[in-house]
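Participant: Got a structure for you, written out below as structure tokens; questions coming shortly.
There are 4 protein chains.
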Amino acid sequence: MNFASDNTGPVHPRIMEAVMVANAGSAMPYGNDDTTRAARDAVRALFEAPEAAVEFVATGSVANALALACLVTPWDGVFCHRVAHVEEDECGAPEFYSNAKLILVDGDDAKMGPDALEAAILQAADRGVHGVQPGAVTLTNITERGTVYTLAEIRALTDVARAHGLPVHLDGARFANACAALGCSPAEMTWKAGIDAVSFGGTKNGCMGVEAVVLFDPARGRELELRRKRGGHLFSKHRFLSAQMGAYCEGGLWLEMAEAANARMAQLLQGLARVPGARMAHPAAANLGYLDLPRDAHERAFAAGAKYYTYPGDAMDVAQAGAHVRCRIVCDWSKPAEDVEALLAAWAG
Amino acid sequence: MNFASDNTGPVHPRIMEAVMVANAGSAMPYGNDDTTRAARDAVRALFEAPEAAVEFVATGSVANALALACLVTPWDGVFCHRVAHVEEDECGAPEFYSNAKLILVDGDDAKMGPDALEAAILQAADRGVHGVQPGAVTLTNITERGTVYTLAEIRALTDVARAHGLPVHLDGARFANACAALGCSPAEMTWKAGIDAVSFGGTKNGCMGVEAVVLFDPARGRELELRRKRGGHLFSKHRFLSAQMGAYCEGGLWLEMAEAANARMAQLLQGLARVPGARMAHPAAANLGYLDLPRDAHERAFAAGAKYYTYPGDAMDVAQAGAHVRCRIVCDWSKPAEDVEALLAAWAG
Amino acid sequence: MNFASDNTGPVHPRIMEAVMVANAGSAMPYGNDDTTRAARDAVRALFEAPEAAVEFVATGSVANALALACLVTPWDGVFCHRVAHVEEDECGAPEFYSNAKLILVDGDDAKMGPDALEAAILQAADRGVHGVQPGAVTLTNITERGTVYTLAEIRALTDVARAHGLPVHLDGARFANACAALGCSPAEMTWKAGIDAVSFGGTKNGCMGVEAVVLFDPARGRELELRRKRGGHLFSKHRFLSAQMGAYCEGGLWLEMAEAANARMAQLLQGLARVPGARMAHPAAANLGYLDLPRDAHERAFAAGAKYYTYPGDAMDVAQAGAHVRCRIVCDWSKPAEDVEALLAAWAG
Amino acid sequence: MNFASDNTGPVHPRIMEAVMVANAGSAMPYGNDDTTRAARDAVRALFEAPEAAVEFVATGSVANALALACLVTPWDGVFCHRVAHVEEDECGAPEFYSNAKLILVDGDDAKMGPDALEAAILQAADRGVHGVQPGAVTLTNITERGTVYTLAEIRALTDVARAHGLPVHLDGARFANACAALGCSPAEMTWKAGIDAVSFGGTKNGCMGVEAVVLFDPARGRELELRRKRGGHLFSKHRFLSAQMGAYCEGGLWLEMAEAANARMAQLLQGLARVPGARMAHPAAANLGYLDLPRDAHERAFAAGAKYYTYPGDAMDVAQAGAHVRCRIVCDWSKPAEDVEALLAAWAG
């Protein structure tokens, strides 16, 4: 009953198999190998973007940091939601790579609205040389609270950005879960909706550790390569990153795993009616949910061996909090339905 | 006959097996897992340094960059050999992470001597606030030209550094090959010889992609963790890095592979007598060798399908060069004796 | 009637005279001159801090940036008020010099309260390696809205910082105006109240362009010197910076000018009763005031040639705003009482 | 007899007068004042470059750092002579502002030759993504050893740079002295000879502290403004920088002072025949000279109160050196002929 994160789960057997296959014999290093060429093309095909610059890295933090760095200058501001991963969970990696400043935008359920975004842009633009310049926008889908931007909501934000000349990055650490939730294609959620750069996540969704940075403007590709190398992120035995991404794209595995993870969260939401006093803190639309649980329900689950994060702080703080405990539940592709049932049962008492 | 680099070779089966084993079930992320704890302890045991700070990353460039960044300030100079990997092959990663400046020291066969090092330190110290300050020394064993610093040579350099209050880093991308060549222990080549920080390489020696940063002063450990995270190098599914390093240390596999690789180079050196006009450009002591070959010998090998780098530039430049071609030959753990024989045969004609 | 800023005013004749005097003959460069030694000592005497590290720079932005950089690491957060100068008006200079991240704290009248500060520190500390680390606190006195922290309020903030191990910086671009308003000594407003580092401003208060960075821990002094040089802020003809600061400290000129400036604002506040519909937006306590004026009153003043900034945006935006216009009025040491009267008369109509 | 540097001399009375004049009344800050507009235009007129971006800063280090930063990316290399000021005397400021790496080129008398430059560019270009990319060239006129590049020599270097697509910066800390030596116009020594960016120095030549950054491509101007602000180098009372530069350009004062300084060095060279055993270390062509003096001659001068730097190290090291002492002599605009005679007399004994 480990619901702590989708990065606690195992690698999908087809991904692991691809890694084994890539290990046969010698291959040229630093991405100059056939496995890499094929995986890049697979990502381009998935995004219907045959010209896009595509490079692979091993963590989501650096995927975001590199993508943003390629969009801005060091005296720019990057607009993001107050609880964005780039703001809260990357220890300053976006600033380290881009030197830009994050400018926080509020909004319910971890989603920026177009009006709040525009107000923030206008305020920044008003300071002339004294303030950082409006530089780019980054949004996350699915969001850090488990909600999902619709295609129309994305378009509303990219329209605002475009009106002010700003490129838009999508943090897709859980990109597949968003596509699964929206029933849309990668292209529809990105360049067709006005997105310029994507962190296309594999790690949280059944890979060992691989993310693709996708820049729809191929002119930025050389900068991406050089920034990656300078950050120490160019793998010499690059084929092992690429093999993961290749298998991930192959035969819709990326979507299949996301659908499985989302289905487990849907099962949990359905079963929540059986847990008296439980309520959603944000409307969960994919594989990640925030709930407020009666304290005794939460304690029963932990006593039964469940693992998940509570807020604020960790489980040690529970005794100090109120009648409800805020819990974050994440399902990954591998989670069996029985685990969800067991969790619900523990909560229900 | 791929002798282009030791990073073209495959992962050792025992390493790959460990990765598979680590994939069973769930594990907490970001290094908070048992596989990681065990691998850290294995490295500490290998170095006879039970208190050392040990963290894992996926590339040698970032291992060097992080280790150096933990030793210096942004207004420091780092003394290294003119052809050091940190100077020539990391696209500025050491400067990106540390903000320090590399100060180049000359020396035959890619080895700094203590006098040249001291002269460079004194010259830098002479400029007061106008110049960068002497900050640290970094040396590479085995060197970028395939030569090996003896323990006495290392000690001579660390003595100079110590006399000027400078910590010393060892770039050990081919650490195991140096130990194998010297017949010494990891402790003897490092802290017992005055080294403060090590990049302990696994990638070039049969791993998929893992290096350990070892700081013998554990007080620097928290900074290392934070710098790694800020650089986007903290893996969420960290167990897969750790599993490689654990297996690498287990049962002397790290040394066994290095000895195999060195043995292939020794075989090649022995056979070189059969190649008229061939001569070593530097005295090869481990698994890496620079040779000057008669042009026709080189051309026969390439025609036979051999792969290795020539200098300056790549093979395309060969036609412009002189009667001899400078060739870099690298053997990895997996290279069969037959490949070496085939290469020698092609050269000999 | 130029009330746009205290940096629009002239240099005080005694400051200018000191610059002329310093020009006699040759002097050694880079601060190795008698004028500089004397000025450093004058600042130490003013702060009753005979051991403090004191260095001079030409702008307030770099004084803040250097002081903060000496207090934090690149992976730290610096807590400041949402409208702090370091956040809004320095185009990222604090981040450029320190690499740290500004963390914004709310509070009425541009003042942080201890509870809001502590909450922000706790939230940052809660994220472990994933977030930037609590690093330092910076506050501004007088504040960016013309209000003044009392000594008790400063102490309440430094107590919180101290409890969490954080040093505290005081942005004193208008330090003298705060001292004049509080009737306290520089020592009372700084180290006696728990402040570790000060930007002691001269430029806005009758100097040509000089600020002193004061670090009460002299152990940080060498780092300050090196950071200043590396930022290109070490003047070769340094005596001209120092001469200003020496004259500024001499005979209480710094305080005399601030009292004059504050008196003009007091005069304006008193006269405001004559302007129907005018009201203070924040309680002005020194030489800077934010007012909401009826539109017609504002328009009369501009028609009469008055200069001051309106918010948001500049005067061109006035037509789009509501019935009131928010105006920022700043008095410098040179402002004659007649100008204040003329402004009030224009407003009153 | 202070020949330590041209930055030990006083400000020219016409410069000081201009500063006094600028102090009359109020002026808008941050360069939005008439004095600044006029001074910018004066520099443009001097360079016959009516469209050039021109900004003023207070030190030569930041002028160089900002100019270079506007020409390169963080993963670039900047080619400069081994003893360039940017390499030896700016404590890493160029790297701090640009993040680029300096690549050192050898050459006699502190001058790069086109062949050495081209070899360095080719070597850097050869490393692909593994090395920093060729980014820009910077040269200094007059050089750090007092020699002067002819217009043909400058053109030879800019031709090489242009052939590789690299922009060229001229460090003109002693720009006026070079123009005076060559008898050429500022335009002839810069854009007409293929230079893209200039640090046009005033500080060493009779100003208080002002340098102009001149970018002949005006499209880079906004970046220059933002980088300057972010570095904390935008003066609020900007008119005092501008007044210096305006007076410096007015009526050929810049050239007049340089000619005076150069004449003193010519006088010294002529008189050197009277000093037995004295010899020039480099051919002095402007106001700066390196000489090797018999030890007793040097000691007589110091005993008589002369001030100048000796190498390596300072005068304290003299006793350890050989029969000759290497001395650096610099004349500024204010140096009377009598001082030069006195120095020669002391040397001659």
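Chains as they are written, first to last, in the working numbering: chain A, 307 to 655; chain B, 307 to 655; chain C, 307 to 655; chain D, 307 to 655. Glycine included, C-beta positions come from ideal geometry on N, C-alpha and C.
1. Name the chain C residues that come within less than 7 Å of R536/D, Cβ to Cβ?
2. Tell me whether L561/C sits in a helix, a strand or coil according to DSSP, three-state version.
3. With a Cβ-Cβ cutoff of 8 Å, do C397/B and K417/A count as a contact?
4. Please list, in chain order, all residues of the same chain as L559/B whose beta carbon is under 8 Å from its beta carbon, the five residues on each side excluded.
5. Looking at chain B, is there any beta carbon in it that lies within less than 8 Å of the beta carbon of C637/A?
6. If I measure Cβ to Cβ from I409/D and keep anything under 8 Å in the same chain, skipping five residues before and after, which residues do I get?
7. Taking Cβ positions, are L540/C and Y336/C nearer each other than 8 Å?
8. Listed from N- to C-terminal order along the chain, which residues in the segment 454-482 of chain B have their beta-carbon within a distance smaller than 7 Å of any beta-carbon of chain A?
9. With respect to the alpha helix (DSSP H) encompassing K535/C, which residues constitute its N-terminal and C-terminal limits?
10. R570/B to K641/B, Cα distance in whole Å?
11. Looking at the structure shown, is V317/D part of a helix, part of a strand, or coil, going by DSSP?
12. Rounded to whole angstroms, what is the Cα-Cα separation between K543/B and N483/B?
13. Write down every uninterrupted run of the beta strand (DSSP E) in the segment 445-532 of chain A whose length is 3 residues or greater and which is fully enclosed by it, in chain order.
14. I'd like to know whether the C-beta atoms of E361/C and E605/C end up nearer to each other than 8 Å.
15. Just mark G557/C as buried or exposed, buried being the case when its beta carbon has 16 or more other beta carbons within 10 Å.
16. So what does DSSP say about V581/C, is it helix, strand or coil?
17. Tell me whether D623/C is buried or exposed, calling it buried when 16 or more other Cβ atoms sit within 10 Å of its Cβ.
18. What would DSSP say about G595/A, mapped onto helix, strand or coil?
19. Looking at the secondary structure, which residues open and close the beta strand (DSSP E) in which F309/C lies?
20. Grab the span of the beta strand (DSSP E) containing G337/D for me, first residue to last.
21. By the three-class DSSP mapping on this structure, what secondary structure does V360/A have?
22. When you compare the CB of V363/A with every CB in chain C, is at least one pair closer than 8 Å?
23. Are the C-beta of H436/B and some C-beta of chain D separated by less than 8 Å?
24. Which residue comes first and which comes last in the beta strand (DSSP E) that contains C633/D?
25. Going by Cα to Cα distance, which pick from E323/A, T341/A, E354/A, P473/A is closest to V378/A?
26. By how many angstroms is the C-alpha of F481/C removed from the C-alpha of G413/B?
27. Tell me whether R533/A is buried or exposed, calling it buried when 16 or more other Cβ atoms sit within 10 Å of its Cβ.
28. Among residues of its own chain, excluding the 5 on either side of D502/B, which ones have a beta-carbon nearer than 8 Å to its beta-carbon?
29. N593/B versus chain A: which residues are under 7 Å apart at the beta carbon?
30. Per DSSP, which one or two residues make a beta bridge with V327/D?
31. Please say whether D477/D and N692/D have beta carbons closer to each other than 8 Å?
32. With 8 Å set as the bound, which would you pick, yes or no: does the beta-carbon of W381/C sit closer than that to a beta-carbon of chain B?
33. Only counting the same chain, and skipping five residues up and downstream in sequence, which positions put a Cβ closer than 6 Å to that of A621/A?
34. L410/C lies in the alpha helix (DSSP H); which residues open and close that run?
35. Going by Cα to Cα distance, which pick from N308/A, R580/A, E565/A is closest to A603/A?
36. Taking the beta carbon of Q626/D as the centre, do at least 16 other beta carbons fall within 10 Å, making it buried, or is it exposed?
Facilitator: Per the coordinate set shown:
1. Against the fourth sequence, residue 536/D aligns to sequence position 230. By Cβ distance, chain C contributes C397, G398, A399, F402.
2. For this step, residue 561/C is matched to residue 255 along the third sequence. Correct three-state label for L561/C: helix.
3. Stepping through the second sequence from its first residue, residue 397/B is reached at position 91. Stepping through the first sequence from its first residue, residue 417/A is reached at position 111. Note that the C-beta distance between C397/B and K417/A is not below 8 Å.
4. The sequence position of residue 559/B within the second sequence is 253, counting from 1. H318, R320, I321, G512, A553, listed in sequence order.
5. Along the first sequence, one-based indexing puts residue 637/A at 331. At a cut-off of 8 Å, the C-beta of C637/A has no neighbouring C-beta in chain B.
6. On the fourth sequence, position 103 is the one that residue 409/D refers to. If the five residues before and after I409/D are omitted, its C-beta is found closer than 8 Å to the C-beta atoms of G383, V384, F385, C386, A426, A430, V438, all from its own chain and listed in chain order.
7. Here residue 540/C is taken as the residue at index 234 of the third sequence, counted from 1. Here residue 336/C is taken as the residue at index 30 of the third sequence, counted from 1. Their beta carbons are under 8 Å apart, which means L540/C touches Y336/C by this criterion.
8. Answer set for the segment 454-482 of chain B: empty.
9. Residue mapping note: residue 535/C aligns to position 229 of the third sequence, counting from 1. In the DSSP assignment, K535/C falls within the alpha helix (DSSP H) that extends over 527-536.
10. Position 264 of the second sequence, counted from the start, is the residue given in the question as residue 570/B. Position 335 of the second sequence, counted from the start, is the residue given in the question as residue 641/B. Cα-Cα distance, rounded: 7 Å.
11. Against the fourth sequence, residue 317/D aligns to sequence position 11. Looking at V317/D - three-state DSSP - the assignment turns out to be coil, as it is neither helix nor strand.
12. Taking the second sequence and counting its residues from 1, one reaches residue 543/B at position 237. Taking the second sequence and counting its residues from 1, one reaches residue 483/B at position 177. Approximately 29 Å between the Cα atoms of the pair.
13. Along the segment 445-532 of chain A, the beta strand (DSSP E) occurs as fully enclosed runs of 3 or more residues at 474-478, 503-507, 517-521, listed in sequence order.
14. For the purposes of this step, residue 361/C is taken as residue 55 along the third sequence, with counting starting at 1. For the purposes of this step, residue 605/C is taken as residue 299 along the third sequence, with counting starting at 1. No, the Cβ-Cβ distance between E361/C and E605/C is not below 8 Å.
15. Start at 1 with the first residue of the third sequence, and residue 557/C comes out as number 251. Here G557/C is exposed, its C-beta having fewer than 16 other C-beta atoms within 10 Å.
16. If you number the third sequence from 1, residue 581/C lands on position 275. Note: V581/C maps to coil in three-state DSSP.
17. Within the third sequence, the letter at position 317 stands for residue 623/C. Only weak support exists for where D623/C lies, its pLDDT of 42 falling under 50; the value from the coordinates is given anyway. Counting of Cβ neighbours within 10 angstroms places D623/C among the exposed residues, the total staying below 16.
18. Residue mapping note: residue 595/A aligns to position 289 of the first sequence, counting from 1. G595/A: strand per DSSP, three-state reduction.
19. Position 3 of the third sequence, counting from 1, holds the residue named residue 309/C. Unbroken run through F309/C: none, as it is neither H nor E.
20. In the fourth sequence, the residue the question calls residue 337/D occupies position 31. Annotation: G337/D is outside any beta strand (DSSP E) and is labelled neither H nor E by DSSP.
21. To locate residue 360/A, count along the first sequence from 1; it is residue 54. V360/A: strand per DSSP, three-state reduction.
22. Within the first sequence, numbered from 1, the residue matching residue 363/A stands at position 57. It does not; no Cβ of chain C falls within 8 Å.
23. As a working note, residue 436/B is residue 130 in the second sequence. Taking a beta-carbon distance threshold of 8 Å, H436/B counts as an interface residue toward chain D.
24. Along the fourth sequence, one-based indexing puts residue 633/D at 327. Here the beta strand (DSSP E) through C633/D covers 630-636.
25. Taking the first sequence and counting its residues from 1, one reaches residue 378/A at position 72. Nearest of E323/A, T341/A, E354/A, P473/A to V378/A, Cα basis: P473/A.
26. Counting from one through the second sequence, the residue named residue 413/B turns up at place 107. Counting from one through the third sequence, the residue named residue 481/C turns up at place 175. Taking the straight line from one Cα to the other gives about 55 Å.
27. For the purposes of this step, residue 533/A is identified with residue 227 of the first sequence, where counting begins at 1. With 16 or more other Cβ atoms within 10 Å, it is buried.
28. The residue labelled residue 502/B in the question sits at position 196 within the second sequence. Counting only Cβ-Cβ distances below 8 Å, and skipping sequence neighbours, we find L377, P473, V474, H475, L521, F522, D523.
29. The residue labelled residue 593/B in the question sits at position 287 within the second sequence. Correct list: empty, because the minimum Cβ distance to chain A is about 15 Å.
30. Counting from 1 along the fourth sequence, the entry for residue 327/D is found at position 21. For V327/D, which the question treats as bridged, DSSP gives no partner whatsoever.
31. The structure shown has nothing for residue 692/D, since chain D only spans 307 to 655.
32. Locating residue 381/C in the third sequence gives position 75, where the first residue counts as 1. Yes, W381/C counts as interfacial toward chain B.
33. As a working mapping, residue 621/A is identified with position 315 in the first sequence. Per-residue confidence for A621/A stands at a pLDDT of 41, beneath the threshold of 50, marking its modelled position as unreliable; the derived number appears in the next sentence. Apart from sequence neighbours up to five positions away, no residue of its chain approaches A621/A with a beta-carbon distance below 6 Å.
34. Mapped onto the third sequence, residue 410/C falls at position 104. Note, L410/C: premise wrong, no alpha helix (DSSP H); beta strand (DSSP E) at 407-411.
35. Counting from one through the first sequence, the residue named residue 603/A turns up at place 297. Measuring from the Cα of A603/A, the nearest candidate turns out to be R580/A.
36. Numbered from 1 along the fourth sequence, position 320 holds the residue referred to as residue 626/D. Note that Q626/D scores a pLDDT of 46, beneath 50, so its modelled location is shaky and nothing firm can be said.
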